[in-house]
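Trainee:
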Amino acid sequence: MSATRTGTDTGGRWLGLYVLGYLVFLYLPVLLIPLFSFNNSIQAAFPLQGFTLEWYETLYGNPVLSGALANSLVIGVIAASGATLCGITVSYMDLFGRSPLAATISAIARLPILIPGVIVGISLLILVNLIGLGPSRVA
14 MSATRTGTDT GGRWLGLYVL GYLVFLYLPV LLIPLFSFNN SIQAAFPLQG FTLEWYETLY
74 GNPVLSGALA NSLVIGVIAA SGATLCGITV SYMDLFGRSP LAATISAIAR LPILIPGVIV
134 GISLLILVNL IGLGPSRVA
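Counting in the working numbering, the sequence shown runs from 14 upward without gaps.
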C-alpha cells in the first residue's frame, strides 16, 4: 500500500521567504551606506536632499582622514595576503598531512569559523588596552 501526499509542501516555501527576509534585513543597511554618501544632507535619512561629492572632497582634502584611509588600505592588503598564505598552507597540510600535529593545526585553523569576529575584535581591543599599547595601528 503506497501513500500519496496531498497538498503542497509549504515548509520549503516558508523557509525560502524567511531566508530572503533575513538577507534583506541583514544586507539592506550595508547597501544603503554608499547611497547616503552621495546625499547632500548631513543626516542619513530619506528623502535624499540631492546629489553631491562633498563628502569625498572632504576626505581628499583632510590629511588626517587620507592618512587613516592609507593606513587601512595597507593593513588590509597585509592582512589579506597573510590570511591567503596561511589558508593555502593549512589547506595543503590538511590535504597531505598525516600526523597528529597536522590534525591539531587543522582543528585550530577552523576555530575562527566558530567564534564570531566581533567578539574576538572587542576582546583583542580590551586586551591591547589592558597591556598598555593604547591606540596605534594595532588597536
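For glycine and all other residues, C-beta sits at the position ideal for the given N, C-alpha and C.
Would you tell me roughly how many angstroms separate the C-alpha atoms of residue 152 and residue 120, rounded to the nearest one?
Mentor: Mapped onto the sequence shown, residue 152 falls at position 139. Mapped onto the sequence shown, residue 120 falls at position 107. Only weak support exists for where residue 152 lies, its pLDDT of 46 falling under 50; the coordinates are left without a value.
Trainee: Note down, in chain order, each residue of its chain lying with its Cβ closer than 7 Å to the Cβ of residue 93, except the 5 sequence neighbours on either side.
Mentor: Within the sequence shown, the letter at position 80 stands for residue 93. Nothing listed; no residue qualifies.
Trainee: May I ask you to verify whether the region 43-52 touches the region 60-74, counting CB pairs closer than 8 Å and requiring at least 3?
Mentor: The region 43-52 is in contact with the region 60-74.
Trainee: Under the assumption that residue 106 contacts residue 88 (Cβ atoms under 8 Å), give the Cβ distance between them as a whole number of angstroms.
Mentor: Residue numbering aside, residue 106 sits at position 93 when the sequence shown is read from its first letter. Residue numbering aside, residue 88 sits at position 75 when the sequence shown is read from its first letter. Actually they do not touch by this definition, with Cβ atoms about 26 Å apart.
Trainee: Can you name the residues that DSSP bridges to residue 64?
Mentor: One-based indexing of the sequence shown puts residue 64 at position 51. In the DSSP output, where bridge partners are listed per residue, residue 64 has 52.
Trainee: Under the three-state reduction of DSSP, which class applies to residue 136: helix, strand or coil?
Mentor: Numbered from 1 along the sequence shown, position 123 holds the residue referred to as residue 136. DSSP places residue 136 in helix when its eight states are reduced to three.
Trainee: Alpha carbon to alpha carbon, how far is residue 34 from residue 26? Give it in angstroms, no decimals.
Mentor: As a first step, residue 26 is located in the sequence shown; it is residue number 13 there, counting from the start. As a first step, residue 34 is located in the sequence shown; it is residue number 21 there, counting from the start. Rounded to whole angstroms, residue 26 to residue 34 spans 12 Å at the Cα level.
Trainee: Where residue 68 and residue 98 are concerned, what is the direct C-alpha to C-alpha distance, given to the nearest angstrom?
Mentor: In the sequence shown, residue 68 corresponds to position 55, counting from 1. In the sequence shown, residue 98 corresponds to position 85, counting from 1. Taking the straight line from one Cα to the other gives about 36 Å.
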